[in-house]
Amino acid sequence: MKPFTYERARTAPEAAAAAAGNPGARFIAGGTNLLDLMKLQIEAPSHLIDVNGLALDQVDPTPEGGLRIGALVRNTDLAANERVRRDYAVLSRALLAGASGQLRNRATTAGNLLQRTRCPYFYDAAQPCNKRQPGSGCSAIGGVTRQHAIVGTSAACIATHPSDMAVAMRVLDATVDTVRPDGQAHHIPIADFHRLPGDTPQIETALVPGELITSVTLPKPLGGLHVYRKVRDRASYAFALVSVAAVLQPDGSGRVALGGVAHKPWRVEAAEAALPQGAKAVTAQLLAGAKPSDDNAYKLQLAERTLAAVLVQAKQMGG
Amino acid sequence: MHCQQDLAISRRDLLIAGAASTASVVPAADAAAAPTPAPSPLASGVPMSKVSLQVNGQARTLELDNRTTLLDALREHLQLFGTKKGCDHGLCGACTVLVDGRRLNSCLTLAVMHDGAKVTTIEGLGTPERLHPLQAAFVKHDGYQCGYCTPGQICSAVGMLDEVKRGIPSHVSASLTERPLLSAEELRERMSGNICRCGAYSNIAEAITEVAQQQGGQA
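First to last, the sequence lines map onto chains A and B. Per the numbering used here, the first sequence starts with residue 10, numbered consecutively. Per the numbering used here, the second sequence starts with residue 1276, numbered consecutively.
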């Protein structure tokens, strides 16, 4: 790790202003991804702003009938929150499918959204990577790409966003609430929060320098049946090869988002109209324009079959 | 023996970027009001911070290089060698300790982030004369081979059983709203953050199951 100075932020606007005035500064909350990357010197901040002391650890009802989730609510606590379990079960299920018990106790809501979109080549500092060193090239393309993205990729990057929680947030149409260094509050729809790689894969979110997430807001409950199904190489504590978050209504309509296939949680609203026709019709639209490699073309079929299994599961849950 | 240990420690300390440590027993700090610690760079220019921890019931104050993980603070500065460094990246769980009663990976958090926190390590759970029920159960069921992952397994199990008691569901819980019971499947899912290279899993599961049954008639 490179040496860094350290401060504890007292208010969110102060934290944002401090970060904006110092290009080497990073916020730290749970730190489970940031410290991992700092040990490998993939991240090398010169200053850390500890936001754990900000009072952003509550889950509160909103006047609109939704939920405001503080940025510092730990993954364990969010998954176990009574209202989330009852009204947003897809979110509880996604959180519980991610990481390990120890990591979920520490990882925060905002930090989960802000974990780096990554691949094994990003972690291998001996190889070129456009995220680590913009313009150096992508070692994954032409390499071993079994785990990589199949849609929304670019010639610069084919990494996937590793979060399960973010896939559920996307299907629930969450909003990311922030404060900017000028003290102004901003509200970013989750659909616009994570970026596709394009020519600048090192820029992964819509946040401006110094912008701090204060909460994530869920709209009022959708009702319906909530399913999160994750397919991975082992039964627990592994990233998704493909995951499906779904909220399905008794009339056959619903919402679907995929994890493990793109640089961001993947949802195409127009594809959801095909839900009554079944999984094949939905995934044909959802993954139209996919550019898989020989290694990861299996994800096309896996996504379709996982969605088919989700639809069967929902039918069983619906009795 | 004592001398040897002292030598080993000072050699190690030399290796960590000249981060000399001072540990002393002082009254516990007020956790609620923790302002930014006054920066106190060493002559070498490495930024340091002062941090107060309640470790196994004892107040400890340390002057640490900001980079010091909680794991390294425990092992290298407080000489609590029970907590183990396996992967140092949150993958293996050997470094699991309890902070304010919750299990976490001490390798993936900085000591300076825990000013005022209560830390419990394997040394704080029991003693050779008075074993914690999980320590006794691991001995009885032979829940290890080399023993390297054992302190992390036991601290993790303490935190995990408390999570079950608090009604926190898991990935394999059939219902999100009913109280979870510690079935074999639940136990394995909830302990998946602790790896045992020797593969003593079946005995580890038996040891934890026995204590869970003693505690609440579960499983």
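Even glycine gets a Cβ: it sits at the ideal position worked out from N, Cα and C.
*Which stretch, first to last residue, makes up the alpha helix (DSSP H) that contains Y1423(B)?*
As a first step, residue 1423(B) is located in the second sequence; it is residue number 148 there, counting from the start. Counting along the chain, Y1423(B) falls outside any alpha helix (DSSP H), and DSSP gives it neither H nor E.
_Using C-beta distances below 7 Å, list every residue in its chain close to P1302(B), excluding the 5 sequence neighbours before and after it, in chain order._
Reading the second sequence from its first residue, position 27 is the one you call residue 1302(B). Only weak support exists for where P1302(B) lies, its pLDDT of 40 falling under 50; the value from the coordinates is given anyway. Excluding residues within five positions, the ones whose Cβ falls inside 7 Å are A1334.
*Within the same chain, show all residues whose beta-carbon is closer than 8 Å to that of R204(A), passing over the 5 residues directly before and after it, in chain order.*
Looking up residue 204(A) in the first sequence gives position 195. Correct list, in chain order: I212, E213, T214, A215, H272 and K273.
*Any C-beta of chain A under 8 Å from that of I1443(B)*: For this step, residue 1443(B) is matched to residue 168 along the second sequence. Output row for I1443(B): interface = yes.
*Looking only at C-alpha atoms, which of A21(A), G263(A), I37(A) and G146(A) sits nearest to L63(A)?*
What you label residue 63(A) is simply residue 54 of the first sequence in a count that begins at 1. Here the closest residue by C-alpha is A21(A).
*Within 10 angstroms of its Cβ, does P32(A) collect 16 or more other Cβ (buried), or is it exposed?*
The sequence position of residue 32(A) within the first sequence is 23, counting from 1. So P32(A) counts as exposed.
*At 7 Å on the CB atoms, spell out the chain A contacts of L1451(B), in chain order.*
On the second sequence, position 176 is the one that residue 1451(B) refers to. Chain A residues near L1451(B): R94, A98 and S101.
*Reducing DSSP to helix, strand and coil, say where H4(A) ends up.*
Residue numbering for chain A in the displayed model covers 10 to 328; residue 4(A) lies beyond these limits and cannot be assessed.
*For S1467(B), return the contacting residues in chain A, with the cut-off set at a CB-CB distance below 7 Å.*
Translated into the one-based positions of the second sequence, residue 1467(B) becomes position 192. Neighbours of S1467(B) on chain A, chain order: S109, S245 and Y246.
*For V1374(B), write down the residues that DSSP places opposite it in a beta bridge.*
Numbered from 1 along the second sequence, position 99 holds the residue referred to as residue 1374(B). Per DSSP, R1377(B) and V1394(B).
*Those residues which DSSP pairs with D69(A) across a bridge*: Taking the first sequence and counting its residues from 1, the one referred to as residue 69(A) is at position 60. In DSSP, D69(A) forms a bridge with R77(A).
*What residues match up with Q1329(B) in a beta bridge as DSSP calls it?*
To locate residue 1329(B), count along the second sequence from 1; it is residue 54. Paired residues: A1334(B) and K1393(B).
*Does F202(A) have its Cβ less than 8 Å from a Cβ in chain B?*
Walking along the first sequence from the start, residue 202(A) turns up at place 193. No, no contact with chain B.
*For D182(A), three-class secondary structure by DSSP*: Taking the first residue of the first sequence as position 1, residue 182(A) is located at position 173. Coil, per DSSP.
*Would you please verify whether the beta carbon of E23(A) is less than 8 Å from any beta carbon of chain B?*
Position 14 of the first sequence holds residue 23(A). Not one chain B Cβ lies under 8 Å of E23(A).
*Of all the residues that make up the segment 1357-1375 of chain B, which are near chain A by a beta-carbon distance shorter than 8 Å?*
D1363, H1364, G1365, G1368 and T1371
*Is it the case that the Cβ atoms of A29(A) and P190(A) are separated by a distance below 8 Å?*
Locating residue 29(A) in the first sequence gives position 20, where the first residue counts as 1. Locating residue 190(A) in the first sequence gives position 181, where the first residue counts as 1. With contacts defined as CB atoms closer than 8 Å, A29(A) and P190(A) qualify as a contacting pair.
*Find the residues of chain A that neighbour T1311(B), judging by a C-beta separation of less than 8 Å, and give them in chain order.*
Position 36 of the second sequence holds residue 1311(B). Near T1311(B) (Cβ distances below 8 Å), the residues of chain A are Y15, E16 and R17.
*asked:* Rounding to the nearest angstrom, what Cα-Cα distance links T1336(B) and T223(A) in this structure?
replied: Sequence index remark: in the second sequence, residue 1336(B) carries index 61 (1-based). Sequence index remark: in the first sequence, residue 223(A) carries index 214 (1-based). Rounded to the nearest angstrom, the two C-alpha atoms are 32 Å apart.
*Could you list the residues in the segment 49-69 of chain A with a C-beta less than 8 Å from some C-beta on chain B, going in chain order?*
Identification of residues in the segment 49-69 of chain A having a C-beta nearer than 8 Å to some C-beta of chain B yields L57, D59, N61 and G62, given in sequence order.
*Mapping DSSP to helix, strand and coil, what is M1466(B)?*
Translated into positions along the second sequence, residue 1466(B) becomes position 191. Secondary structure of M1466(B) (DSSP, three-state): coil.
*List, in order along the chain, the chain B residues whose C-beta lies closer than 7 Å to that of G269(A)?*
Position 260 of the first sequence holds residue 269(A). Those within 7 Å of G269(A) in chain B number zero; the least Cβ separation is about 16 Å.
*With 8 Å as the threshold, decide whether the Cβ of R1342(B) is near any Cβ in chain A.*
One-based indexing of the second sequence puts residue 1342(B) at position 67. Taking Cβ atoms only, chain A reaches closer than 8 Å to R1342(B), which makes this a yes.
*Would you call the CB atoms of T1311(B) and R35(A) closer than 8 Å?*
For the purposes of this step, residue 1311(B) is taken as residue 36 along the second sequence, with counting starting at 1. For the purposes of this step, residue 35(A) is taken as residue 26 along the first sequence, with counting starting at 1. Cβ atoms of T1311(B) and R35(A): not closer than 8 Å.
*Any chance the segment 53-61 of chain A sits against the segment 84-100 of chain A, with 3 or more Cβ pairs inside 8 Å?*
no
*asked:* With a threshold of 8 Å on Cβ separation, who are the neighbours of E281(A) within its own chain once the five nearest residues in sequence on each side are excluded?
replied: The residue given as residue 281(A) occupies position 272 in the first sequence. Closer than 8 Å at the Cβ level, and outside the excluded window around E281(A), lie S262, G263, R264, V265 and V291.
_L1385(B): contacting residues in chain A (beta-carbon distance under 9 Å)_ = Locating residue 1385(B) in the second sequence gives position 110, where the first residue counts as 1. Ordered by position in chain A, the residues that pass the 9 Å Cβ test against L1385(B) are Y15, I37, G40, L44, L57 and D59.
*Using 8 Å as the limit for Cβ to Cβ distance, is L112(A) near chain B?*
Stepping through the first sequence from its first residue, residue 112(A) is reached at position 103. Interface residue, yes.
*So, is L1462(B) buried or exposed, given that buried needs 16 or more other C-beta atoms within 10 angstroms?*
Here the question's residue 1462(B) lines up with position 187 in the second sequence. It is buried - the Cβ of L1462(B) has at least 16 other Cβ atoms within 10 Å.
*Compute the Euclidean distance between the alpha carbons of D45(A) and A1475(B), then round it to the nearest angstrom.*
By one-based count along the first sequence, residue 45(A) stands at place 36. By one-based count along the second sequence, residue 1475(B) stands at place 200. The straight-line gap from Cα to Cα measures roughly 28 Å.
*Nearest neighbour of V256(A), chosen from P218(A), Q322(A), G207(A) and D303(A) [CA to CA]*: Mapped onto the first sequence, residue 256(A) falls at position 247. Taking only the C-alpha atoms, the option nearest V256(A) is Q322(A).
*Since E313(A) is in the alpha helix (DSSP H), which residue starts that stretch and which ends it?*
Position 304 of the first sequence, counted from the first residue, corresponds to residue 313(A). Per DSSP, E313(A) belongs to the alpha helix (DSSP H) from Y307 to M326.
*To which residues of the same chain is R77(A) closer than 6 Å at the C-beta, ignoring the five residues directly before and after it?*
For this step, residue 77(A) is matched to residue 68 along the first sequence. Closer than 6 Å at Cβ, skipping near neighbours: D69, T71, S224 and T226.
*Same chain, Cβ closer than 6 Å to A1480(B), neighbours up to 5 away in sequence not counted*: On the second sequence, position 205 is the one that residue 1480(B) refers to. Once the five neighbours on either side are set aside, the close Cβ partners of A1480(B) are L1462.
*P1322(B) touches chain A at which residues, Cβ-Cβ below 8 Å?*
By 1-based counting over the second sequence, the position of residue 1322(B) is 47. Ordered by position in chain A, the residues that pass the 8 Å Cβ test against P1322(B) are P12, F13, T14 and Y15.
*Rounded to whole angstroms, what's the CA-CA distance from T209(A) to G161(A)? Just pull it up for me.*
One-based indexing of the first sequence puts residue 209(A) at position 200. One-based indexing of the first sequence puts residue 161(A) at position 152. For T209(A) and G161(A), the distance between alpha carbons rounds to 13 Å.
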